[in-house]
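Numbering (full-length UniProt numbering), first residue to last: 1 to 343.
This is the structure in structure tokens:
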């Protein structure tokens with residue numbers, strides 16, 4: 001489905017390493033090229049972890065709908081009073097609308113990330129979400145300002161930190177345990193983790209991130225301590241299992257045990273913002289629904305594309321930040337090739 005000389009393209013763009021997985025109905029294929037670290041010899045393998053960055057949000061959305069299906073969380077419960085009482089919100093600007101998990105998932109709960117917030121791992125280490133959201137760390141040094149207009153789209157990592165807080169408080173379990181029990185185990189996702197200590201202490205586990213000029217980042221410079229928003233390290237093969245689950249759910253064979261109705265919650269948008277689903281983005285070009293999720297952080301870029309009606313999709317993960325949007329550069333070329341060849 002992708003026809004190009006990947007090694008030649010990587011050299012032309014300066015991409016050090018990549019992992020590319022495609023699915024066609026129940027079939028999947030993985031291609032790995034390049035190195036884990038520039039000037040080193042260890043090659044990218046199928047089980048090499050990349051920073052998924054904001055593709056983490058899509059995985060979080062799957063967890064939410066699974067828990068909603070089991071009635072452990074409510075997508076439409078107003079959480080604004082709870083957030084105010086917890087000290088997360090600047091009360092000089094009172095919240096004038098609801099703040100629900102559904103709104104948070106599609107970046108329409110009025111949450112604005114403070115400037116210079118949500119940097120990679122610092123001396124503050126891995127704080128709790130309460131510590132982050134009350135402005136007690138360098139990751140976010142002030143309370144949240146909530147926009148007065150309801151359902152306005154504002155992309156927000158803080159919104160997903162609020163989601164993580166709600167999940168952990170409601171269930172009494174850590175985010176990692178919830179994800180492992182409800183998503184990773186049922187879908188046989190074995191090469192994905194939120195464990196930053198593993199990334200730092202097991203050298204062969206994950207690739208390094210790279211700047212477009214060839215600089216190699218230290219591992220700690222590329223780790224984000226916000227699991228729900230951007231904390232997942234994964235492989236292209238593991239992430240395609242979300243799309244395979246989508247295919248199977250539509251056929252009545254969900255491994256998560258969810259219904260088509262529950263799955264379709266991910267696609268629910270608003271009239272004002274028809275492109276923003278729950279943890280994903282939608283494009284209906286030429287009547288063909290395209291689902292996407294993008295990841296971009298220090299040293300890494302990635303893209304997930306899925307066409308439900310065709311049961312086809314791909315995940316591309318690279319260990320180089322080219323400094324251009326994913327629809328450009330090497331990832332953009334792969335995207336265009338895939339679209340051209342899926343028929």
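Glycine included, C-beta positions come from ideal geometry on N, C-alpha and C. On a predicted model such as this, the values are computed, not experimentally measured, just so you know.
{"query": "Can you have a look at residue 21 and say buried or exposed, based on whether 16 or more other CB atoms are within 10 angstroms of its CB?", "result": "buried"}
{"query": "Going along the chain, which residues of its own chain have a beta-carbon closer than 8 Å to the beta-carbon of residue 58, five neighbours each way excluded?", "result": "242, 279, 280, 293 and 304"}
{"query": "Determine, using beta-carbon pairs with one atom in the region 269 to 288 and one in the region 31 to 42, whether at least three such pairs fall under 8 Å.", "result": "no"}
{"query": "Between the alpha carbons of residue 206 and residue 147, how many angstroms are there, rounded?", "result": "39 Å"}
{"query": "For the region 318 to 334 against the region 237 to 255, are there 3 or more C-beta pairs whose distance is under 8 Å?", "result": "no"}
{"query": "Taking all protein chains shown into account, do 16 or more other C-beta atoms lie within 10 angstroms of the C-beta of residue 341, making it buried, or fewer, making it exposed?", "result": "exposed"}
{"query": "Quick one: give me the first and last residue of the beta strand (DSSP E) that residue 301 is part of.", "result": "300 to 307"}
{"query": "In the DSSP output, which residue or residues are listed as bridge partners for residue 112?", "result": "145"}
{"query": "Using 9 Å as the threshold, is the C-beta distance between residue 99 and residue 6 below it?", "result": "no"}
{"query": "Straight-line CA distance for residue 268 to residue 277?", "result": "6 Å"}
{"query": "Taking only the alpha-carbon atoms, compute the straight-line gap between residue 299 and residue 90 and give it to the nearest angstrom.", "result": "33 Å"}
{"query": "Within a Cβ cutoff of 6 Å, which residues of the same chain sit near residue 141, ignoring the five residues on either side of it in sequence?", "result": "135"}
{"query": "So for residue 159, helix, strand or coil by DSSP?", "result": "helix"}
{"query": "For residue 414, which residues in the same chain have their Cβ closer than 6 Å to its Cβ, ignoring the five residues on either side in sequence?", "result": "Since the first residue of the chain shown is 1 and the last is 343, residue 414 is not available in this structure."}
{"query": "Going by CA-CA distance only, name the one from 210, 187, 220 and 159 that's closest to residue 202.", "result": "220"}
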